[in-house]
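S.K.: Okay, here's the structure, questions in a sec.
In full-length UniProt numbering, the protein residues as written are 1 to 294.
Printed below as a string of structure tokens:
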């Protein structure tokens, strides 16, 4: 197999731009020459990587998988050249992580201190975004690792998954100066509800018990951190993951509301494509596996 490195860089540019003209301009070549190089890459790997019938263009399933491999190969080349020339290996050690907002702030800080024990010195580049958008990042091959919640699709090939832990979505509100919750669920009176966006993962979980309590939505967001701030300001009740409010519960700043059946179990995972990552990416994955084993 004869694949030129510039073809890989062309493909990564196209995967990002989703437009042949824009990608060709980014790569500083004419569009016809750029198109020929993409076709040459497809011929070399023996699969169509780009669906040219769509506007903007889209990656085929093979293209999404190959995007991870292409980025890994480029990183390995950068890393190898850096070692030979005694240059910084920073570029080759970047591990792109897409993470649900609440997991980015709660889980990533626990991972970072563990990475100094390996030899590849991974540099985590974390993008904290909406859960569904983060999942799409992995589908499209835009990240090396995904930290998100349970998704049956991502626990099947061509993906690999690692169950990191379990949590609960807890209905909570702020406390008054006596330590009592400001709100209670009342069948006759609506309770102000700080809601997750209905289309978000958390929103879908809460929807399972939505009709069992008398709620009036007063605010909506896909971000746990925003809802937590509003809860602490006494603006209403929200379902928040237990790991995000552990300290606030211990200090008596928030209190549980309602019956135990309103507490919703959730599990969170690390996901990746089965294709081998560059060394720094594999080190991060192995660190996560060790974290779970311990």
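Each residue gets a CB set at the ideal place from its N, CA and C atoms; glycine is no exception.
Keep in mind that this is a model prediction, so the values were computed, not measured.
Sorted by chain position, which residues of the same chain lie with C-beta nearer than 8 Å to residue 289's C-beta, five sequence neighbours on each side aside?
M.R.: 162
S.K.: State whether the region 232-251 contacts the region 273-289, with contact taken as three or more CB pairs (one from each stretch) at a distance under 8 Å.
M.R.: no
S.K.: Mind pulling the alpha helix (DSSP H) runs of 4 or more residues that sit fully within the region 131-203?
M.R.: 131-139
S.K.: On the DSSP bridge list, what partners appear for residue 241?
M.R.: In the DSSP assignment, the residues bridged to residue 241 are 169.
S.K.: Look at the Cβ atom of residue 104, then the Cβ atom of residue 126, and state whether they are nearer than 7 Å.
M.R.: yes
S.K.: How many Å lie between residue 77 and residue 153 at the Cα?
M.R.: 32 Å
S.K.: Can you give the Cα-Cα distance for residue 302 and residue 50, rounded to whole angstroms?
M.R.: The requested residue 302 is not part of the displayed model; the chain covers only 1 to 294.
S.K.: How is residue 111 classed by DSSP in three states: helix, strand or coil?
M.R.: helix
S.K.: Here's the rule I'm using: 16 or more other beta-carbon atoms within 10 Å means buried, otherwise exposed. How should residue 156 be labelled?
M.R.: Exposed is the label assigned to residue 156, since fewer than 16 other Cβ atoms lie within 10 Å of its Cβ.
S.K.: Skipping 5 residues on each side, what residues in its chain have a beta carbon closer than 6 Å to that of residue 209?
M.R.: 262
S.K.: Would you decide whether residue 11 is buried or exposed? Buried here means 16 or more other CB atoms lie within 10 Å of its CB.
M.R.: buried
S.K.: Here's the rule: buried if 16 or more other CB atoms are within 10 angstroms of the residue's CB, otherwise exposed. What is residue 116?
M.R.: exposed
S.K.: Nearest to residue 75 by alpha carbon, out of 93, 227, 164 and 32?
M.R.: 93
S.K.: In angstroms with no decimal places, state the Cα-to-Cα distance between residue 201 and residue 269.
M.R.: 14 Å
S.K.: In the structure shown, what three-state DSSP assignment does residue 292 receive?
M.R.: helix
S.K.: Measuring CB atoms only, is the region 221-232 touching the region 246-260, in the sense that at least three cross pairs come out at less than 8 Å?
M.R.: yes
S.K.: Taking 8 Å as the limit between beta carbons, can you name the residues of its chain near residue 204, skipping five residues before and five after?
M.R.: Residues 198 of the same chain have their beta carbon placed closer than 8 Å to that of residue 204, with the five preceding and five following residues left out of the count.
S.K.: Excluding the five sequence neighbours on either side, which residues of its own chain have a C-beta within less than 7 Å of the C-beta of residue 293, listed in chain order?
M.R.: Taken in chain order, the list of residues that qualify is empty.
S.K.: Just the C-alpha distance for residue 170 and residue 128, rounded to the nearest angstrom, thanks.
M.R.: The straight-line gap from Cα to Cα measures roughly 22 Å.
S.K.: Should residue 46 be labelled buried (16 or more other beta-carbon atoms within 10 Å of its own) or exposed?
M.R.: exposed
S.K.: Looking only at its chain, what residues have a beta carbon closer than 7 Å to the beta carbon of residue 24, apart from the 5 residues adjacent to it on each side?
M.R.: 30, 31 and 34
S.K.: With which residues is residue 270 paired in a DSSP beta bridge?
M.R.: 147 and 162
S.K.: Just list the residues that DSSP pairs residue 96 with in beta bridges.
M.R.: 125
S.K.: Is DSSP giving residue 56 helix, strand or coil here?
M.R.: coil
S.K.: Using a 10 Å radius around the Cβ and a threshold of 16 neighbouring Cβ atoms, would you call residue 21 buried or exposed?
M.R.: exposed
S.K.: Would the beta-carbon of residue 175 fall within 7 Å of that of residue 99?
M.R.: No, these two residues do not count as a Cβ contact at 7 Å.
S.K.: Rounded to the nearest angstrom, how far is the Cβ of residue 284 from that of residue 158, given a contact under 8 Å?
M.R.: In this structure residue 284 does not touch residue 158 by the C-beta definition: roughly 19 Å separates them, more than the 8 Å allowed.
S.K.: With H, G and I counted as helix, E and B as strand and the rest as coil, what does DSSP make of residue 257?
M.R.: coil
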